[in-house]
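Trainee:
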Amino acid sequence: MPLHGLLRFPAEQQNVVLINSATPHEAERLIASCEHCNLDGAEIPFDNILDRVTGSEPSVTDYVLEHPAKCPNCCREILEKTLVERKRMSIFAKKKKGLGMMRPSPNGN
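Just add 60 to wherever you are in the sequence shown, counting from 1, and you've got our numbering.
Below is the structure:
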């Protein structure tokens, strides 16, 4: 039976990435809630957040978590396919992370 709409790559083109315990903690900072505590707002699989954090190509990357992440709202475990809601970052927070923040030079210019 054909799988319509599902794009699969041969195994040699698929990347399986083992995620150590530090990466889920970094990804946790980008989420507001999970499908357990926010049924209506959690629409993005956690592996999409991992794609962003690791810089991996989403269409050919699968993840294996060494330890589950934790929802910052309800503290439940978050696995690769758990639906999450992304945290909305303010412009100030983005600038604080170094995304476009201009600092004055020591000579005032």
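The beta-carbon is built from N, C-alpha and C at its ideal position, and this holds for glycine as well.
Remember, it's a predicted structure, so these values are computed and weren't measured experimentally.
Using the DSSP secondary-structure output, state which residues sit across from E145 in a beta bridge.
Mentor: Here the question's residue 145 lines up with position 85 in the sequence shown. Looking at the DSSP assignment, E145 forms a beta bridge with S93.
Trainee: What residues match up with E137 in a beta bridge as DSSP calls it?
Mentor: For this step, residue 137 is matched to residue 77 along the sequence shown. According to DSSP, which records beta bridges pairwise, E137 is partnered with K130.
Trainee: Does DSSP classify L67 as helix, strand or coil?
Mentor: Counting from 1 along the sequence shown, the entry for residue 67 is found at position 7. Unreliable placement is indicated for L67, whose pLDDT of 47 sits below 50; the coordinate value is still reported in the next sentence. It is coil, neither helix nor strand.
Trainee: Mind checking V144: buried by the 16 CB within 10 Å criterion, or exposed?
Mentor: Position 84 of the sequence shown, counted from the first residue, corresponds to residue 144. V144 is buried by the Cβ-count criterion.
Trainee: Can you give the beta carbon distance from I104 to R148, rounded, assuming they're within the 8 Å contact cut?
Mentor: For the purposes of this step, residue 104 is taken as the residue at position 44 of the sequence shown. For the purposes of this step, residue 148 is taken as the residue at position 88 of the sequence shown. Actually they are not in contact, since the Cβ atoms of I104 and R148 sit about 13 Å apart, beyond 8 Å.
Trainee: Using only the alpha-carbon positions, how far apart do P166 and N108 sit?
Mentor: Here the question's residue 166 lines up with position 106 in the sequence shown. Here the question's residue 108 lines up with position 48 in the sequence shown. At P166 the pLDDT is 47, less than 50, meaning the model places this residue with poor confidence and gives no usable figure here.
Trainee: Sort A102, Q73, D100, L110 by Cα distance to H85 and report the nearest one.
Mentor: One-based indexing of the sequence shown puts residue 85 at position 25. Among A102, Q73, D100, L110, the Cα nearest to that of H85 is on L110.
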